[in-house]
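Protein chains in written order, with my numbering: chain A, 11 to 582; chain B, -19 to 406; chain C, 397 to 775.
See below for the structure under consideration.
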Amino acid sequence: MMKHAWLPLSIVGIALWAVVGSSIHADAPKIVPPVAKDQPAKTAPVVAVAKPAAVPAKSGQPLAIDAAIALDEPTVSSLASSPCDDLTFLRRVHFDLVGGPPTVAEARAFLADKDSARRSRLIDRLLANPDHSWYWSQVLDAWWMERRPAKHVDAKLWRDYLRDSLAQGKGLDTLVKEMLTADGTDEKTRPAARFVLDRELDTHLVVRDISRLFLGANLQCAQCHDHPRIDNYKQAHYHGLLAYFQRTYLFDDPKLKKKVLAEKADGEVEFQSVFDPKKITRKRAPGVPGGPERPDPVLAKDQLYISAPAKEVRGVPRHSRRSLLANDLTAGKALARNLANRFWAQLLGKGVVHPLDQIHEDNPPSHPALLDSLTETLLQARYDHKALLRVICNSAAYQRGGEARAGQPKNAEDRLLIARLRPLSPEQMGHALLFATGQVEAERKALGAKATPEAVWPRVEAQAAPFIAVLAAQPGNPDQFEARLEQALFLANHGHLQQFLPPRPGNLMERLLAEKDPAKAADELYLAVFTRLSSADEKVEMARALQEKDKQTALRDLLWALLGSAEFRFIG
Amino acid sequence: MRPEIARYACNSPEHTLNRRSMLGVLGGGLATATSAGSLLANPLARQHKRVLMVFLSGGVSQLETWDPKPGAPTGGPFRAIPTSAPGVHICELLPYTASQMHRLALVRGVNTAEDDHGKGSHIIHTGRRQEPSLEYPHLGSVAAKFVADADNPIPGYLNVVPGGGGGSNAADAAFLGPRYGSVTISDGRAPANIDRPVDPLREQQRHDLRRAADQRFMARRKSAQTEAYTQTYDQALQLMQKKALFDLTSEPAKLTESYGTHDFGRHCVLARRLLEGGAPFVKISHTNYDTHHENFDFHIEQLAEFDKPFATLIEDLHQRGLLSTTLVMVVSEFGRTPNINRNYGRDHWSKAWSVALGGCGIRGGSFCGKTNAQGTEVVDRQVHGGHLFATYLKALGLDPAKKYYVDQRPIPMVDPTGSPIGEVLS
Amino acid sequence: MTQEKPKPKEAPKPPPPPPEPIAGYNLATLKQAAELKNGSPLLACRFSPDARWLITTAQDNTIQQWDLAPDKDGKIAGKKVDMAGHASWTRAISFSADNKWLITAGYDGLLLTWPLGVAHPEPVRQVQAHTGWIRGVDCQANQVLTGGNDGRLAIHLLPDLRPSRAWQAHDCHIYQASFSPDGKFILSADLKGRVKVWDQQSGALVREFAVAALHKYDAGFGADIGGVRAWSFSPDGSSIVCTGITNVSNAFAGVGNPLYVVANWTTGEIRAELKPKEAFQGTGWGVCWHRAGFILGAAGGNGGMLWAWRDDFKVPVKPEPAKTEPKKDARKEEKKLEPIAEFVAHKLADNVRDMCLSANGKKLAIAYQGGIARVHTLA
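See below:
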């Protein structure tokens, strides 16, 4: 797996020269004539998309993303699409870093920015914006809780916990450790226990989800036997993870009047394979897949407990297997590799290993060097998610355009030669509807000086909730795009969307009604909804709408039509 | 002409070829002579052929329905009764259906060799075993594509399901493309938000604007997902136009009483209305028959609920002159074990079970296939899912020997090891 | 395969003391008097009033008459005669009090009388008493009471089974039909656990109550599960104990537990819920209220079990839930009974299909799915 991690500099250098040498021309017209192979365009790069050529991999430094992709996919130099234009980039990176599209004002400001480093400056700005932690706490919540209902832990406190952790720059490994060790007895750390408590400490569910969500390896099928199709998912792996949790139990805390986690000092995992005719019982000490077994330390009988379990007494052992899991899970590279893969999938629409919970030898990464690079980046940044996001967003691969180039293979998207057209997540779509109609700006205007993120976000979330509900997966399942009839009926006919269309101080319709010039009105509309300028056809369409007797109705219909279109629903 | 097979790997240049140039290539003589497209279904659409699939979810017992074995150690407590078809006896739990047997046919030698619910269901819906390399379209999607009347604004594959849940499933259509995917009708009720918020003219206008925007965008960028997404709006509009079909209150009281007021009865009335309204394929389901425990008690309960509405539906379709153009099938994931387990249950059994057919292209009163005295094995005329699928296509006037072309690759419409069951075809 | 979820440790329990004999009956061991082997799985069993014969029924539609007369060594050979008369399964068996007639009612809706104890019994009389299954039958003097899946109760008169009276009694399948011990009332129970009390003379409905714990509508499968699978009157005649399946989480896989519910049928009050200490998955298929002061319950599911409860229960009532707790359904508003645990439990070899007690209380018979009936002596 690691064979591409460290490479002779010469190879890296050639590959990078090829990447950077292809036409990177952010201000260029939409259609860039394909550049002949082996003949780099003469135009100097206006925007520094990626700097890997100048900074080849030093010893101990991870290989840059584009250099890694060039190793995995040598045709990238000749076949990759041109970089996307500034507004496409703006829309993309806004959705990915703060969860919604830019406002018209932000789009115009970015268009006016002539600094060659404007893209990377924007990335830094968005990462520093408080909106970033608000949005990414939603992402992590959807990843890790999969829209399960709150049972023992207040969902708001859990979100606050995630958001504060992200804002403080807490490493994701620390976050995961806290989620596995928190026992729910301390109100301050209780929200972190939601991962376990709101799965009702169903140990098989917890083990399955730890394997899926933290290790990217769905071991569920290895519960009763070695996985029938995947050679390196062993029953012993499953039970090794189970052994960490085996001794933990739910305890009714008499003072808190809440469920908390307690743990015993005994209880061993034994298992048989259902395929084994001899039904041999095997014992399993704790251990993460691929790691060593972790036998219990030998303790005298009277030394087993800090507090021994009894009625009304929460068991706390001196040696906690569950705490051991938090250490073992974050000690190797598996967690980083899984997280790196998930971040990539979140931003690029598909994992380097796909499906995300099927990391194993028979399902190799599409781009092994890329996955190594992402993993090492995260590890070297001590699990700082912003560092990883910054590197991804600055890469040429992320900023790839969506225009096809002659000679591209059919699977150009999978080979990272062209931008993937990817659907908005339920949260992104919910926010997009509120941003595009100017509802968020109207809320900000109404709040005036009090329009802090703490004041605005809860309103946005409440108003987006009905959209998210109709788009999200069933509880306990990862979100995946599904075009469903009832979603279309909801967006077409339900009053929830219609209420954001009429004019309101600060919103889009108010600005459109005030604009006499059809061309300017069209740009205002298309910048708000699609983050792009309008085409000639679209200007004509707008002129027609403005001539209608009932101008507002005509504009509302046009706005609704754009919100219901595929261009709005997808990130290009 | 080649059938329009949706295929989107990406936004690659091949894919962005416009339609004219694509046809140009085909006109250049590269098109293969045999293709399912040659059956593209104008003549069929004019005949308004339709399909009604009745899915008995969980695996109905063949011994308690179409292939009773009274007196055998595996027979259970029920007796066999004569039917309106000479020589055909069915289980006493289906007295009303027995009076319609002259309009139905029985295939008693089904061996699908698959005892898993999901995989069995796949065989019944697609006529094939699941393959890792290729997804196959459901019969409903095939009907939506090849049997539907293009002028009729109703989604081609309607799936009426009991209880909640809903939406549509573009994946059912596989390579035929999302517009032929199934549309779920939860609990037989009109979907939520089916009422238009604006007048029809405005509605038309705003959807025209939406389509124009989509056209502009999809000329530049498109994928299977964008197509499926835009399709759902058109399906929504189609369904909104046909909202009245969901209103059962206009049915004569006596008829609805005869169908019964429980869910399955209502779904049967709705199915008839939808078929009458031009739907090419309607699936209704009755749940549940997965009787590992108390098989006999539960089959009394469930079949009592199934029998009369189903028989009423057949009679109703006949009286309206629709039965001769409506292919009917009563299917399940599999049958149930002849062996009665210790909890009076029967378990999954795909080795020897039965399917009932009727209507369009089916010879009423016919039967085919035979199981042994205990019902454990097929002893005559064994068939599998491919045979059933071939029979459906043949009954609808389609040629089961035709092929689809997916990425130039010929894909037989029917598993080539299955052929139409001539004995039950008219 | 894997261990259970950890539970807080408890102090090791001392072994339970052997149960004390009740009125001379020691139930700590079950003494087997006879093992009666039939080929086809058994469905039901009943002793003749004089306990000379055991009648069983089987899945091949046949009925067996077993001779329980001991040989000169005191052993019961259990000579069997197979009887054919029904075209379906039979679970309803009764007798005329004079030991003259065996009465059977089947899933074919037929009511049959047979001469009891003859070498080659043939049905003497036959009437189509119901449409569909008959599960309940009882005989008092010359009256034969039946209850069927058609929801009707019917009375036919011995010896010729002349129809006397029939009426629509329930809107779903009737599972039990019995005369009250004093003969003045008729009791019937159905799939939904509803019990109805009728005036024997006039046929008027006197009382109706529900043994709600023995029924559930499983919405996932779209079917009712439950019913009073067996019942037995108290020695004083005023109470009745009903059994079946409760706590059903998956009807079609039979995931639920047997429960024995004691009701005072003269008032409709539920007196007690008798529940095994160790959870057993299955259905209560047999219950017998012994006049010596205990109740025997048998169940089949994942194997078989037999439990015994003392009938001197003083019913502890669960404290009312805190007022703040929202009341979710009507059943919860009812008085909650603390379940009563058995004093003895026996694991049986196989799934129980039925159980019966001889009139003198000295013999117990259990019919099994494996085709065996075992007769035990109670002492």
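Think of the CB as a built atom: it goes at the ideal place given N, C-alpha and C, for glycine as much as any other residue.
| field | Within chain F, partners of A:H364 - CB distance below 7 Å | value | Looking at the structure shown, chain F is missing, and the protein chains on hand are A, B and C.
| said: Quick check on the burial criterion: 16 or more other C-beta atoms within 10 angstroms. Buried or exposed for B:G366? | reply: B:G366 is buried by the Cβ-count criterion.
| In whole angstroms, what is the alpha-carbon distance linking A:R432 and A:G297? | Looking at the two C-alpha atoms, the distance is approximately 38 Å.
| query | By how many angstroms is the C-alpha of C:D478 removed from the C-alpha of C:T458? | reply | 6 Å
| task | Taking B:V308 and B:L337 to be in contact with their CB atoms under 8 Å, please state how far apart those CB atoms are, rounded to whole angstroms. | result | 7 Å
| query | How long is the line joining the alpha carbons of B:N268 and B:P318, rounded to whole angstroms? | reply | 19 Å
| Residue range of the unbroken beta strand (DSSP E) whose run includes C:A777 | Coverage of chain C is limited to positions 397 through 775, which leaves residue 777 of chain C absent and any answer about it impossible.
| said: Against C:N495, what residues of chain B qualify as contacts under a CB-to-CB distance less than 8 Å, listed in chain order? | reply: Correct list: empty, because the minimum Cβ distance to chain B is about 29 Å.
| message | So with CB distances below 9 Å, who are the chain B contacts of A:H504? | response | A172, N173 and P177
| Would you report the Cα separation of C:Y656 and C:T639, rounded to the nearest angstrom? | 5 Å
| message | Which residue marks the beginning of the beta strand (DSSP E) containing A:Q230, and which one marks its end? | response | From DSSP, A:Q230 is part of no beta strand (DSSP E); its letter is neither H nor E.
| task | Provide the residue(s) that pair with C:S490 in DSSP beta bridges, ordered along the chain. | result | C:I499
| B:C340, DSSP secondary structure in three states | coil
| task | Under 7 Å Cβ to Cβ from A:Q390, same chain only, skipping five residues before and after it: list those, please. | result | P72
| task | Keeping to the same chain, check which residues put their C-beta closer than 6 Å to that of B:T292; ignore five residues upstream and five downstream. | result | S238 and Y239
| Taking the alpha carbon of C:D494 as the point to measure from, which residue in C:A473, C:P555 and C:L733 has its own alpha carbon closest? | Out of C:A473, C:P555 and C:L733, C:P555 has the C-alpha closest to the C-alpha of C:D494.
| query | Along chain B, in chain order, which residues have C-beta atoms closer than 7 Å to that of A:A571? | reply | What A:A571 touches in chain B: R186, L189, R190 and A193.
| field | Cβ-based neighbour list, C:V624, same chain, cut-off 8 Å, excluding 5 preceding and 5 following | value | Y571, Q572, A585, D586, G589, V591, V607, L610, C638, T639 and G640
| Residue nearest to A:V308 in terms of C-alpha spacing, selected from A:A275, A:K289, A:R324 and A:P302 | Measuring from the Cα of A:V308, the nearest candidate turns out to be A:A275.
| query | In this structure, what does DSSP give as the bridge partners for B:D360? | reply | According to DSSP, which records beta bridges pairwise, B:D360 is partnered with B:K350.
| message | Looking only at its chain, what residues have a beta carbon closer than 6 Å to the beta carbon of A:D236, apart from the 5 residues adjacent to it on each side? | response | K244 and Q245
| task | Out of C:Q765, C:A619 and C:V771, point me to the one whose CA is closest to C:S436's CA. | result | C:Q765
| request: Can you grab the Cα-Cα spacing for the pair B:V122 / B:V335, in whole Å? | output: 20 Å
| field | Sufficient close CB pairs (3 or more, under 8 Å) joining the segment 162 to 173 of chain A to the segment 489 to 496 of chain A | value | no
| query | If you follow the beta strand (DSSP E) that A:P463 is part of, which residue opens it and which one closes it? | reply | Premise fails: A:P463 lies in the alpha helix (DSSP H), P463 to L481, not in any beta strand (DSSP E).
| Separation of A:A446 from A:L501, as counted between CA atoms | 14 Å
| Is there at least one Cβ from chain C nearer than 8 Å to B:P142's Cβ? | yes
| field | Nearest neighbour of A:A393, chosen from A:R566, A:S545 and A:K343 [CA to CA] | value | Reading the sequence as shown, one finds Tyr at residue 393 of chain A and not Ala. Minimum Cα distance to A:Y393 is reached at A:K343.
| task | Report, in whole angstroms, the separation of the C-beta atoms of B:P48 and B:I70, which I expect to be a contact under 8 Å. | result | 6 Å
| Continuous alpha helix (DSSP H) stretch holding B:D374: start and end | According to the sequence provided, residue 374 of chain B is Lys. The question's Asp does not apply to it. Taken as a continuous stretch (DSSP letters only), the alpha helix (DSSP H) holding B:K374 covers G365 to A375.
| said: Against chain C, does B:P53 count as a neighbour if the rule is that its beta carbon must be under 8 Å from one of theirs? | reply: yes
| query | Taking the continuous alpha helix (DSSP H) assigned at A:N337, which residues delimit it? | reply | R331 to A341 is the extent of the alpha helix (DSSP H) around A:N337.
| request: Please state if the CB of B:E313 and the CB of B:I104 are separated by a distance shorter than 8 Å. | output: Yes. Within cutoff.
| said: Here's the rule: buried if 16 or more other CB atoms are within 10 angstroms of the residue's CB, otherwise exposed. What is C:N747? | reply: buried
| Helix, strand or coil at B:P392 [DSSP, three-state] | Three-state DSSP puts B:P392 in a strand.
| task | Could you tell me the boundaries of the beta strand (DSSP E) in which C:T639 lies? | result | S635 to N646
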